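J.: By full-length UniProt numbering, the letter at position 187 of the sequence shown is numbered 187, and the numbering carries on one by one without gaps.
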Amino acid sequence: MRRVHVDNWDYSGVIPTSPWRGAQSIPWEMALRTVDGRIRLTSWPVNSVTSLRQKRPSTAAGVTVKNTSKTLIGPAAQGKALDIEATFSPKDADRFGLKVRTGAGGEETVIGYDTTTQELYVDRTHSGAVDFNSTFPGVQTAPLKAKNGKVKLRILVDWSSVEVFGGSGEAVITDQIFPDPSSQGVQIFAENGSVKLDQARVWHLDSYRD
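1. Going by beta carbon distance, what residues of the same chain come within less than 7 Å of T116, once the five residues before and after it are set aside?
2. So the candidates are D206, K196 and F132; which of them puts its Cα closest to the Cα of residue 231?
3. What beta strand (DSSP E) runs, 3 residues minimum, are completely inside the region 105-153?
4. Check the C-beta distance from I111 over to G97 and give it rounded, since I have them as a contact under 8 Å.
5. To the nearest whole angstrom, what separates the beta carbons of S183 and T125, a pair I think is in contact under 8 Å?
6. A23 by DSSP, collapsed to three states: which one?
7. Rounded to the nearest angstrom, how far is the Cβ of Y121 from that of T141, given a contact under 8 Å?
8. Check the C-beta distance from A190 over to K66 and give it rounded, since I have them as a contact under 8 Å.
9. Give the DSSP-derived three-state secondary structure of L98 in the structure shown.
10. Is DSSP giving T42 helix, strand or coil here?
11. Quick check on this structure: which residue in G193, E107 and F88 has the alpha carbon closest to the alpha carbon of A61?
12. Pick out whichever of W9, I26 and G105 has its Cα sitting closest to the Cα of S207.
13. Of the residues A129, I73, S51 and R56, which one's Cα is nearest the Cα of T17?
14. Comparing C-alpha positions only, which one of S134, G138 and T34 sits nearest to S127?
15. Can you tell me which of the three DSSP states S48 falls into?
16. Please list the terminal residues of the continuous beta strand (DSSP E) segment that includes D36.
17. Just tell me which of I39, V49, R21 and Y11 has its CA closest to the CA of residue 296.
18. Grouping DSSP H, G and I as helix and E and B as strand, with all else coil, what is P57?
19. For my contact list, K70 and I177 are in at a C-beta cut-off of 8 Å; report their separation, rounded to the angstrom.
20. Mind checking which residues open and close the beta strand (DSSP E) that includes K196?
21. Three-state secondary structure (DSSP) at P75?
22. If you run the structure through DSSP and keep just helix, strand and coil, what is A171?
This is the structure:
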């Protein structure tokens with residue numbers, strides 16, 4: 001039986017951009033891999049994406065956070081186009097992760113892991129312009145199990161999108177966001193407990209058009 005996927009956007013015609021409306025995300029390489037003893041379809045950014053990284057990443061390691069949000073690294077890790085790799089050791093926090101494109105008035109896109117449900121999630125409820133359609137603000141989730149006690153994330157942040165790859169690519173979430181251009185912060189957070197950030201590396205990305 002032939003199945004064709006065309007479109008499933010409720011809001012494609014009303015997103016706050018002009019004159020072009022749509023999304024242009026990073027190409028993925030898809031593969032079948034064995035994850036937790038099962039064959040899974042995984043997705044990962046094509047290797048050529050790393051050629052857009054500026055030479056020296058900003059780094060952080062051994063950071064423990066409890067019941068709060070705090071700036072990750074500092075101004076050197078802020079930006080509108082970033083490639084982030086982060087490894088966490090869950091402790092007793094219910095939820096933890098990173099907030100990107102943070103700014104004034106509580107603007108933020110939350111990329112987190114829920115230990116109670118074992119799910120990766122992206123919360124764009126306060127990501128910027130969200131009031132153009134009632135279905136846009138919300139939380140997207142994907143099942144993800146910690147591996148050897150670690151949760152690994154690869155996050156690609158762009159001017160109007162985030163793409164999140166969990167583990168070896170067995171959990172992937174892509175979301176459009178429309179933050180204020182001045183919202184460029186990155187924070188680490190933990191809720192209802194603590195988490196340890198084993199390591200994070202943040203690269204600024206150059207434009208592929210350059």
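We treat Cβ as the ideally placed atom computed from N, Cα and C, and that holds for glycine.
Everything numeric in this text was worked out from a predicted model, so none of it was measured.
T.: Taking the coordinates as given:
1. D94
2. Nothing about residue 231 can be reported from this structure: the residues present for the chain run from 1 to 210 only.
3. 109-114, 119-123 and 139-143
4. 5 Å
5. Not quite, the Cβ-Cβ distance comes to about 14 Å (not below 8 Å), so this is no contact.
6. coil
7. 5 Å
8. 6 Å
9. strand
10. strand
11. F88
12. I26
13. A129
14. G138
15. helix
16. Careful: D36 lies outside any beta strand (DSSP E) and carries neither H nor E.
17. Shown here, the chain extends from 1 to 210; a query on residue 296 therefore has no answer.
18. coil
19. K70 to I177, Cβ: 22 Å. No contact.
20. G185 to H204
21. helix
22. strand
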